[in-house]
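Residue numbers (the UniProt record's numbering): 1 to 263.
So, in structure tokens, the structure goes:
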């Protein structure tokens, strides 16, 4: 049985340590992996049942978009267990052209992070992106942070209602650090959520409650590497009292549906 880590970040080896440190500084946490390279991710999963990884990186300027997308595609060619997602920036000009190029490169979706990109997720510039990818590519959107309003789940609710065929992973159970707000706005919307950067904060009982509130067919396992250890995150999830059907949905079936490969 495959296991898909639906939320992992990788960076070129020459900047992997610097990138991991920057993420740690942004969230004021000690990173599980000081090295955020592709090789470090694979090494961190040795001895685990994890077989596939949705991998991405975030462009904090428009000039980074093409370089990052090429890097992710190259890593997917080297490591067939990777499922690559493109990045996009709100100030990148040729959105449609770069999305077409990303598809030609074999990338399977898009990832944005409104907080680090300092843009409201429902900004008109990003609404153009959603229009371009609706019905074509899924998107992972970092959602929720008590310190910022850029990624509030109410904004995602608006997006989902504007683009009903847009396939979205509202990362971090729909709202990192504001999980109850996320449930209020997203429980009955057409979106996926993932478990990344959530399990340790929520604990077993609340995690199970949220999985069953959203429905396990909408929930995907994610580690948020390099912030957390994929092995530890998987063990934490596996120890929770899910049925075998729920666990299979969370660990691979939902992710396959998200990327358009029905189980």
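Every residue, glycine too, gets a C-beta built ideally from N, C-alpha and C.
| query | For residue 69, is the classification buried or exposed, using 16 other Cβ atoms within 10 angstroms of its Cβ as the cut-off for buried? | reply | Counting from 1 along the chain shown, the entry for residue 69 is found at position 69. With 16 or more other Cβ atoms within 10 Å, it is buried.
| query | residue 255: which of 74, 14 and 139 sits nearest, CA to CA? | reply | Taking the chain shown and counting its residues from 1, one reaches residue 255 at position 255. For the residues 74, 14 and 139, the minimum Cα distance to residue 255 belongs to 139.
| task | Under 7 Å Cβ to Cβ from residue 65, same chain only, skipping five residues before and after it: list those, please. | result | Counting from one through the chain shown, the residue named residue 65 turns up at place 65. Hits under 7 Å: 59, 87, 88, 89, 92 and 98.
| request: With DSSP as the reference, label residue 243 as helix, strand or coil. | output: Residue numbering aside, residue 243 sits at position 243 when the chain shown is read from its first letter. In this structure, residue 243 counts as coil in the three-state DSSP scheme.
| request: Give the DSSP-derived three-state secondary structure of residue 84 in the structure shown. | output: Mapped onto the chain shown, residue 84 falls at position 84. Of the three classes helix, strand and coil, the one that applies to residue 84 here is strand, per DSSP.
| said: So for residue 221, helix, strand or coil by DSSP? | reply: Mapped onto the chain shown, residue 221 falls at position 221. In the structure shown, residue 221 sits in coil (DSSP, three-state: anything other than H, G, I, E or B).
| query | Going by alpha carbons, who is nearest to residue 223 out of 244, 186, 172 and 179? | reply | Looking up residue 223 in the chain shown gives position 223. Distances from the CA of residue 223 to each of 244, 186, 172 and 179 were compared; the closest alpha carbon is that of 172.
| From which residue to which residue does the alpha helix (DSSP H) around residue 108 run? | On the chain shown, residue 108 is found 108 positions in, with the first residue counted as 1. Note, residue 108: premise wrong, no alpha helix (DSSP H); not H, not E.
| query | Does the pairing of the segment 201–216 with the segment 228–242 give three or more beta-carbon distances under 8 Å? | reply | yes
| field | Burial state of residue 233 (16 or more Cβ within 10 Å) | value | Within the chain shown, the letter at position 233 stands for residue 233. A residue is called buried when at least 16 other Cβ atoms come within 10 angstroms of its Cβ; residue 233 meets this threshold and is buried.
| Taking the continuous beta strand (DSSP E) assigned at residue 8, which residues delimit it? | Locating residue 8 in the chain shown gives position 8, where the first residue counts as 1. For residue 8, the enclosing beta strand (DSSP E) starts and ends at 4–9.
| query | Which residue comes first and which comes last in the alpha helix (DSSP H) that contains residue 255? | reply | Translated into the one-based positions of the chain shown, residue 255 becomes position 255. Note, residue 255: alpha helix (DSSP H), 254–258.
| said: Could you compute how far the alpha carbon of residue 8 sits from the alpha carbon of residue 54? | reply: Position 8 of the chain shown, counted from the start, is the residue given in the question as residue 8. Position 54 of the chain shown, counted from the start, is the residue given in the question as residue 54. The alpha-carbon atoms of residue 8 and residue 54 are separated by roughly 6 Å.
| request: Measure the C-alpha to C-alpha separation of residue 22 and residue 226 and round it to an integer number of angstroms. | output: Taking the chain shown and counting its residues from 1, the one referred to as residue 22 is at position 22. Taking the chain shown and counting its residues from 1, the one referred to as residue 226 is at position 226. Approximately 11 Å between the Cα atoms of the pair.
| Inter-residue spacing [alpha-carbon to alpha-carbon] between residue 178 and residue 36 | In the chain shown, the residue the question calls residue 178 occupies position 178. In the chain shown, the residue the question calls residue 36 occupies position 36. Near 26 Å, if we compare the C-alpha coordinates of residue 36 and residue 178.
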